[in-house]
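Asker: Residue numbers (the numbering used here): 92 to 249.
For each residue, glycine too, the CB sits at the ideal point set by N, CA and C.
Please read all numbers here as calculations on a predicted model, not as lab measurements.
Would you mind keeping the following structure in view while I ask a few things?
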Amino acid sequence: MFKKYLIMFLISMVPIVELRGAIPYAAVFGIPTFRALIICMIGNMLPVPVIYWFARRVLMWGKDKKYIGKFFTWCIQKGEKGGQKLLEKTGGGVYIALMLFVGVPLPGTGAWTGTLAASFLDLDWKKSALAVMGGVVLAGLIVGVVSYGLLGAIAALF
């Protein structure tokens, strides 16, 4: 069972997949809902400080390197584009918008992208981390209800 918990935790740390993939994994393997949500949320939040403080520097360094340049440039453009959209749509409520952006469980809207956008926009670290955390909790609850609810409904049919 420890192996499944570890895999779930690691999946929740992976960019793009994040807890949106880890919670359904947990549901399929019968990991209790509350444990799965807590572990996935912690795993999803663990990379946030590293992303905020170092990702932009690493991406800027690697954008003109031969083998990694295209991918790094794509990441930079994604972060800048997400950040600009966030600012355009929100005005003064940028942190609430950041929370909602991270909380909507769609591809490309998770903690990694939200934190990278906050870093590119030079938003306040503490407020950004709290907004991202709120978004991770929101996304976790949404994905948890869908994942465990869907499995419960399928199990009830059989």
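Helix, strand or coil: how does DSSP classify threonine 200 here?
Answerer: The residue labelled residue 200 in the question sits at position 109 within the sequence shown. In the structure shown, threonine 200 sits in coil (DSSP, three-state: anything other than H, G, I, E or B).
Asker: Tell me whether proline 115 sits in a helix, a strand or coil according to DSSP, three-state version.
Answerer: Along the sequence shown, read from residue 1 onward, the residue named residue 115 stands at position 24. Looking at proline 115 - three-state DSSP - the assignment turns out to be helix.
Asker: Considering just the uninterrupted stretch of the alpha helix (DSSP H) at alanine 146, what are its terminal residues?
Answerer: As a first step, residue 146 is located in the sequence shown; it is residue number 55 there, counting from the start. Counting along the chain, alanine 146 falls outside any alpha helix (DSSP H), and DSSP gives it neither H nor E.
Asker: Phenylalanine 162 to lysine 154, Cα distance in whole Å?
Answerer: The count along the sequence shown starts at 1 and reaches residue 162 at position 71. The count along the sequence shown starts at 1 and reaches residue 154 at position 63. One C-alpha to the other measures close to 8 angstroms.
Asker: Count the other CB atoms, across all protein chains shown, that sit within 10 Å of the CB of tyrosine 239; report buried if there are 16 or more and exposed otherwise.
Answerer: Residue 239 sits at position 148 when you count from the first residue of the sequence shown. Buried, since its Cβ has 16 or more Cβ neighbours within 10 Å.
Asker: Please go through the same chain and pick out, in chain order, the residues whose beta-carbon is closer than 6 angstroms to the beta-carbon of valine 236, but skip the five residues on each side of it.
Answerer: Taking the sequence shown and counting its residues from 1, the one referred to as residue 236 is at position 145. Closer than 6 angstroms at the Cβ level, and outside the excluded window around valine 236, lies no residue.
Asker: First and last residue of the alpha helix (DSSP H) that includes leucine 137?
Answerer: On the sequence shown, residue 137 is found 46 positions in, with the first residue counted as 1. Counted as a single uninterrupted DSSP element, the stretch harbouring leucine 137 is not any alpha helix (DSSP H), since DSSP gives it neither H nor E.
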